[in-house]
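Enquirer:
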Amino acid sequence: MTEQTQSAFSLTRQNNGIAILTMDVPGESMNTLKAAFGDEMSALLDEIEGDASIKGVVLVSGKESSFVAGADITMLDACTTAEEAMALAKGGQDIFNRIENMNATFVAAIHGPALGGGLELAMACHYRICTDSPATQLGLPEVQLGLLPGSGGTQRLPKLAGIQQAIKMMLTGASVRPKQAKKYGIVDDVVPRSVLVEVAAQFATKSKPTRKAEPKGIVNKFLEGTGPGRNIVFKKAGEQTQAKTRGNYPAPQHILDVVALGINKGIKAGLEAEAKAFGQLVMTPESKQLRQIFFATTAMKKESGVADVAPVPVKKVGVLGGGLMGGGIAFVTATKAGVPVRIKDIQSAGIANAMKYSYDLLNKKVKRRFIRKSEMQKQMSLLTGTLDYTGLQDADIIVEAVFEDVNLKRKMVADVEAACKPDTIFASNTSSIPIAEIAAEAARPENVIGLHYFSPVDKMPLAEVIAHEKTSDQTISTTVEFAKKQGKTPVVVKDGAGFYVNRILAPYMNEAASLILAGEPIDHIDKALLNFGFPVGPVKLLDEVGIDVGTKIIPILMEAFGERFTAPAAFDKVLADDRKGKKNKKGFYDYAGKKPGKAVDESIYSLLGVQPSKSRSESEISERCVLMMLNEAARCLDEGVIRNARDGDIGAIFGIGFPPFLGGPFRYMDQLGVNKVVERLSYYAEKVDAKYTPAPILVAMAAENSFFY
10 MTEQTQSAFS
20 LTRQNNGIAI
30 LTMDVPGESM
40 NTLKAAFGDE
50 MSALLDEIEG
60 DASIKGVVLV
70 SGKESSFVAG
80 ADITMLDACT
90 TAEEAMALAK
100 GGQDIFNRIE
110 NMNATFVAAI
120 HGPALGGGLE
130 LAMACHYRIC
140 TDSPATQLGL
150 PEVQLGLLPG
160 SGGTQRLPKL
170 AGIQQAIKMM
180 LTGASVRPKQ
190 AKKYGIVDDV
200 VPRSVLVEVA
210 AQFATKSKPT
220 RKAEPKGIVN
230 KFLEGTGPGR
240 NIVFKKAGEQ
250 TQAKTRGNYP
260 APQHILDVVA
270 LGINKGIKAG
280 LEAEAKAFGQ
290 LVMTPESKQL
300 RQIFFATTAM
310 KKESGVADVA
320 PVPVKKVGVL
330 GGGLMGGGIA
340 FVTATKAGVP
350 VRIKDIQSAG
360 IANAMKYSYD
370 LLNKKVKRRF
380 IRKSEMQKQM
390 SLLTGTLDYT
400 GLQDADIIVE
410 AVFEDVNLKR
420 KMVADVEAAC
430 KPDTIFASNT
440 SSIPIAEIAA
450 EAARPENVIG
460 LHYFSPVDKM
470 PLAEVIAHEK
480 TSDQTISTTV
490 EFAKKQGKTP
500 VVVKDGAGFY
510 VNRILAPYMN
520 EAASLILAGE
530 PIDHIDKALL
540 NFGFPVGPVK
550 LLDEVGIDVG
560 TKIIPILMEA
570 FGERFTAPAA
580 FDKVLADDRK
590 GKKNKKGFYD
600 YAGKKPGKAV
610 DESIYSLLGV
620 QPSKSRSESE
630 ISERCVLMML
640 NEAARCLDEG
650 VIRNARDGDI
660 GAIFGIGFPP
670 FLGGPFRYMD
680 QLGVNKVVER
690 LSYYAEKVDA
700 KYTPAPILVA
710 MAAENSFFY
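For the sequence shown, my numbering gives the first residue as 10, with consecutive numbering after it.
1) DSSP on Glu12, reduced to helix/strand/coil?
2) Within a Cβ cutoff of 6 Å, which residues of the same chain sit near Gly664, ignoring the five residues on either side of it in sequence?
3) With DSSP as the reference, label Arg22 as helix, strand or coil.
4) Here's the rule: buried if 16 or more other CB atoms are within 10 angstroms of the residue's CB, otherwise exposed. What is Thr21?
5) Residues in its own chain within less than 7 Å of His263 by CB, not counting five upstream and five downstream?
6) So, Ser70 versus Met132, is the Cβ gap smaller than 9 Å?
7) Nearest by alpha-carbon distance to Asp767: which of Ala410, Glu384 and Cys429 is it?
8) Runs of 4 residues minimum, wholly inside the segment 368-438: which ones carry the alpha helix (DSSP H) assignment?
9) Run the CB neighbour count on Gln13, radius 10 Å, all protein chains shown included, and call it buried at 16 or more, exposed below.
10) May I ask you to list the residues that DSSP assigns as paired with Phe717?
11) Counting only runs of 3+ residues fully inside the segment 467-495, write out the beta strand (DSSP E) ranges in chain order.
12) What residue range does the beta strand (DSSP E) around Ile352 cover?
13) For Asp698, which residues from the same chain have a beta carbon less than 7 Å from its beta carbon, with the 5 sequence-adjacent residues on both sides left out?
14) Helix, strand or coil for Arg573, going by three-state DSSP, please let me know.
15) If you follow the alpha helix (DSSP H) that Asp658 is in, where does it begin and where does it stop?
16) In chain order, which continuous runs of the alpha helix (DSSP H) of length 4 or greater are located wholly inside the segment 229-309?
17) To which residues of the same chain is Thr11 closer than 8 Å at the C-beta, ignoring the five residues directly before and after it?
18) Might you give, ordered along the chain, the residues of its own chain that have their beta carbon closer than 7 Å to the beta carbon of Gln164, omitting 5 neighbours on each side?
19) Please state if the CB of Tyr136 and the CB of Lys215 are separated by a distance shorter than 9 Å.
20) Please name the residue in Val318, Ala52 and Val500 whose C-alpha comes closest to that of Ala308.
21) Let me confirm a value: Asp197 is counted as buried when at least 16 other C-beta atoms fall within 10 Å, else exposed. Which label applies?
22) So which of Phe303, Glu56 and Val200 has the shortest CA-CA distance to Val152?
23) Between Ala643 and Ile706, how many whole angstroms is the CB-CB distance? I'm expecting something under 8 Å.
24) Closer than 6 Å by C-beta to Ser622: which residues in its own chain qualify, once you throw out the five before and the five after it? Chain order, please.
25) In the DSSP assignment, the beta strand (DSSP E) including Leu30 goes from what residue to what residue?
26) Relative to the C-alpha of Arg652, which residue among Asn540, Glu553, Glu473 and Ala410 is closest?
27) Tell me the DSSP secondary structure of Glu134 in three-state form.
28) Only counting the same chain, and skipping five residues up and downstream in sequence, which positions put a Cβ closer than 7 Å to that of Asp586?
29) Distance check for Ala476 and Gly194, CA to CA, integer angstroms please.
30) Go through its chain and collect everything with a Cβ distance to Gly26's Cβ below 8 Å, but skip five positions before and after it.
31) Output needed for Pro722: all residues of its chain with C-beta closer than 8 Å, excluding positions within five of it in sequence on either side, in chain order.
32) Are at least three pairs of beta-carbons, each pair with one atom in the segment 436-445 and one in the segment 311-324, less than 8 Å apart?
33) Do you know whose CA, among Ser486, Lys168 and Ala423, lies nearest Val318's CA?
34) Which of the three DSSP states, helix, strand or coil, is assigned to Ala45?
35) For Asn257, collect the residues of the same chain with a Cβ closer than 6 Å to its Cβ; drop the 5 residues on either side in sequence, then sort them by chain order.
36) Taking the beta strand (DSSP E) that Val116 belongs to, which residues open and close that run?
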């Protein structure tokens with residue numbers, strides 16, 4: 010049989026009346042549901058229905074490490090109307106309804122991810138058994154693609170887990186671990202992998218259960234078991250959703266509406282509303298952009314740093330510096346990459362702090378029962394410390410996270426070259442110093458590269474990989490692969506001041522500073538950019554990062570690119586007043602009292618000599634700040650700092666939280682039209698400041714009416 014005609018499903022009958030239904034999509038590493046499987050599934054269900062000897066069916070995956078990872082997203086891009094997308098959802102619903110209504114008892118035997126359509130398929134079965142493996146997770150992440158679960162998920166999950174837990178899972182897209190899944194009623198048992206099919210087969214001999222999630226406690230019984238209580242739940246969830254999404258994402262409200270409708274009017278009405286809402290959401294610009302991000306990151310996972318240059322396996326890592334960044338880098342290396350890390354610091358307190366960073370994060374996971382204590386101990390055992398280079402001589406890569414001083418970093422390069430093996434990679438976590446300057450005195454400059462993480466390292470998904478002119482292809486590929494193993498999405502950028510992310514962030518932040526000095530209230534500026542879609546406002550971001558850190562990059566950028574990076578001079582007064590932001594509880598926001606960091610520290614205005622008053626609209630404020638970022642991003646592409654528009658979009662979304670529903674700076678410029686971007690930049694260049702002068706690439710593109718994609 011050829012691969013094309015190979016079936017994704019096979020049915021094996023056993024003598025005891027139990028059949029094993031295996032799903033194994035040919036040529037794929039993970040199972041995904043495709044519309045083309047509809048007929049195949051229908052034929053199999055006909056066969057099961059027509060065989061009176063089959064009393065129970067165990068649904069298993071033929072893949073080693075996953076159950077079903079969801080539906081095939083490419084199907085959605087082929088839809089040209091909401092009706093076509095609605096028909097896809099309806100097709101899935103029909104098959105899953107049929108499974109639910111079969112005479113034979115169906116049991117889903119789950120190992121590895123059961124996500125999206127995979128969990129919807131499992132919920133249509135009468136029982137669910139999952140393994141206790143850390144690889145097993147269950148969730149409905151559709152909201153992250155601007156969608157809702159379209160094959161019955163909005164109707165079945167509340168019946169199993171209760172309304173509050175179900176909407177929490179659907180609104181966040183977060184998955185749950187095996188023990189949580191059992192606690193919430195999503196699965197019926199959690200077992201070791203070795204007995205998964207055996208236990209599932211025992212459940213398949215049982216009669217079908219009647220399901221109704223029983224709320225625990227008087228308050229939950231009122232909230233979920235009565236009409237007025239449910240109204241409170243949905244109203245509160247709606248308010249929280251609006252506060253979080255600021256109306257920029259349509260999917261969460263649709264989820265709430267569809268769940269409520271199903272509970273109030275029954276599953277038939279709920280499924281109809283679900284399919285209709287799914288069809289509408291597939292066609293929204295927000296979902297289209299979020300799906301593009303998914304495709305981009307999936308493609309990036311398959312790419313190597315340099316095409317056709319294989320990475321060298323990293324078996325041992327050194328981290329220089331036990332500060333916040335060093336501790337974070339050590340943590341993701343030990344816990345995600347599973348590689349031993351030796352932390353070097355000049356003081357034992359630095360090593361202790363870095364160890365505590367990992368201990369605290371892992372201990373939190375143990376307390377929440379995400380991992381066992383034995384797993385925590387295993388991961389902690391990968392971390393060791395040293396005050397000199399003992400034990401680092403055989404490290405494959407040394408990541409430097411010391412103070413931002415070029416001479417100190419050059420000394421680190423020399424130390425590593427003297428103490429480690431000849432092919433040890435030296436990766437600098439500098440946020441601003443060009444890598445060529447750090448490698449200027451290196452004996453082996455081909456081993457020197459930039460590996461810039463974002464704070465906090467355990468949460469931020471981006472890593473910039475920065476090659477200078479002498480960095481070898483081998484070093485680039487190995488570093489990219491290493492960053493992937495740490496759970497990062499690496500973007501390869503060209504060496505230069507600020508690299509990519511900080512270079513496009515600086516003019517955006519500078520413009521916010523200019524607006525403060527023009528008298529705009531700080532909270533008005535931050536609110537404007539929050540409503541635009543950023544996760545945090547620019548002034549609050551400066552407080553979070555540290556005003557001293559945030560402003561350190563400006564002189565380096567000014568030296569490289571001239572006046573357009575000049576920060577308002579009055580900002581020297583902020584630093585002179587020892588305002589470093591959140592870390593020393595003194596910044597633009599007030600960190601005293603019961604709600605630290607919520608209100609602006611009004612004394613900042615007199616320090617800067619301004620009288621705050623709103624004179625500009627939110628849309629003007631956000632437009633001015635964002636245009637500065639877009640203009641700089643276009644320059645970076647033109648200068649080859651980033652390889653392509655896709656990398657620029659992913660870098661901005663994952664590195665600084667550019668609104669995902671807008672697709673990134675380049676997709677957003679395509680959406681606006683490059684000629685519109687040039688027109689607005691030219692307007693502000695004339696009215697406000699010459700720094701708005703449009704980048705040459707934008708002017709040329711506007712003349713040709715061309716696009717980045």
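Where a beta carbon is used, it is the ideal one built from N, C-alpha and C, also for glycine.
Expert: If we stick to the structure as given:
1) Locating residue 12 in the sequence shown gives position 3, where the first residue counts as 1. With a pLDDT of 34 at Glu12, under the threshold of 50, the modelled position of this residue cannot be trusted; read the value that follows with caution. Three-state DSSP puts Glu12 in coil, outside helix and strand.
2) As a working mapping, residue 664 is identified with position 655 in the sequence shown. Hits under 6 Å: Phe463, Leu471 and Val510.
3) For this step, residue 22 is matched to residue 13 along the sequence shown. If DSSP states are grouped into helix, strand and coil, Arg22 belongs with the strands.
4) Residue numbering aside, residue 21 sits at position 12 when the sequence shown is read from its first letter. Counting of Cβ neighbours within 10 angstroms places Thr21 among the exposed residues, the total staying below 16.
5) For the purposes of this step, residue 263 is taken as the residue at position 254 of the sequence shown. Within its own chain, the residues whose Cβ lies closer than 7 Å to the Cβ of His263, once the five positions on either side in sequence are excluded, are Leu157, Ala286 and Leu290, listed in chain order.
6) Translated into the one-based positions of the sequence shown, residue 70 becomes position 61. Translated into the one-based positions of the sequence shown, residue 132 becomes position 123. No, these two residues do not count as a Cβ contact at 9 Å.
7) Residue coverage of the chain in this structure runs from 10 to 718, which leaves residue 767 outside it and unanswerable.
8) 382-389 and 415-428
9) Along the sequence shown, read from residue 1 onward, the residue named residue 13 stands at position 4. Any reading at Gln13 needs caution, since the residue's pLDDT is 35, under 50, leaving its predicted position unreliable; the model's value is listed next. Gln13 should be labelled exposed.
10) Numbered from its first residue, the sequence shown carries residue 717 at position 708. Beta bridge pairing from DSSP links Phe717 with no other residue.
11) 471-476
12) On the sequence shown, residue 352 is found 343 positions in, with the first residue counted as 1. Its beta strand (DSSP E) spans residues Val350 to Lys353.
13) For the purposes of this step, residue 698 is identified with residue 689 of the sequence shown, where counting begins at 1. So no residue of the chain qualifies.
14) For the purposes of this step, residue 573 is taken as the residue at position 564 of the sequence shown. Here Arg573 sits in helix by DSSP.
15) Locating residue 658 in the sequence shown gives position 649, where the first residue counts as 1. From DSSP, the alpha helix (DSSP H) with Asp658 extends over Ala654 to Ile665.
16) 236-254, 260-274 and 276-291
17) One-based indexing of the sequence shown puts residue 11 at position 2. No answer about Thr11 holds up, because its pLDDT of 28 lies below 50 and its placement is not dependable.
18) Within the sequence shown, the letter at position 155 stands for residue 164. Within the same chain, Gln164 has close Cβ partners Gly271, Ile276, Gly279, Leu280 and Glu283.
19) Counted from its first residue, the sequence shown places residue 215 at position 206. Counted from its first residue, the sequence shown places residue 136 at position 127. In contact: Lys215 and Tyr136 (Cβ atoms closer than 9 Å).
20) Here residue 308 refers to the residue found at position 299 of the sequence shown. The residue from Val318, Ala52 and Val500 with its alpha-carbon nearest to that of Ala308 is Val500.
21) For the purposes of this step, residue 197 is taken as the residue at position 188 of the sequence shown. Asp197 is buried by the Cβ-count criterion.
22) As a working mapping, residue 152 is identified with position 143 in the sequence shown. Of the listed residues, the one whose Cα sits closest to Val152 is Phe303.
23) Counting from 1 along the sequence shown, the entry for residue 643 is found at position 634. Counting from 1 along the sequence shown, the entry for residue 706 is found at position 697. Indeed they touch by this definition, with Cβ atoms about 5 Å apart.
24) Within the sequence shown, the letter at position 613 stands for residue 622. Contacts found: Gly528.
25) On the sequence shown, residue 30 is found 21 positions in, with the first residue counted as 1. Here the beta strand (DSSP E) through Leu30 covers Ile27 to Met32.
26) Looking up residue 652 in the sequence shown gives position 643. For Arg652, the nearest C-alpha among the options comes from Glu473.
27) For the purposes of this step, residue 134 is taken as residue 125 along the sequence shown, with counting starting at 1. Checking the sequence, you will find Cys at residue 134 rather than Glu. DSSP places Cys134 outside both helix and strand once states are collapsed to three, so it counts as coil.
28) Counting from 1 along the sequence shown, the entry for residue 586 is found at position 577. Within the same chain, Asp586 has close Cβ partners Leu616.
29) Numbered from 1 along the sequence shown, position 185 holds the residue referred to as residue 194. Numbered from 1 along the sequence shown, position 467 holds the residue referred to as residue 476. Their Cα atoms are separated by approximately 50 Å.
30) Within the sequence shown, residue 26 is the residue found at index 17, counting from 1. Cβ neighbours of Gly26 beyond the five flanking positions: Ser62, Ile63, Lys64, Gly65 and Thr214.
31) Shown here, the chain extends from 10 to 718; a query on residue 722 therefore has no answer.
32) Not touching, per the Cβ criterion.
33) One-based indexing of the sequence shown puts residue 318 at position 309. Nearest C-alpha to Val318: Ser486.
34) As a first step, residue 45 is located in the sequence shown; it is residue number 36 there, counting from the start. Coil, per DSSP.
35) One-based indexing of the sequence shown puts residue 257 at position 248. Taken in chain order, the residues that qualify are Gly542 and Phe670.
36) As a first step, residue 116 is located in the sequence shown; it is residue number 107 there, counting from the start. Per DSSP, Val116 belongs to the beta strand (DSSP E) from Thr114 to Ile119.
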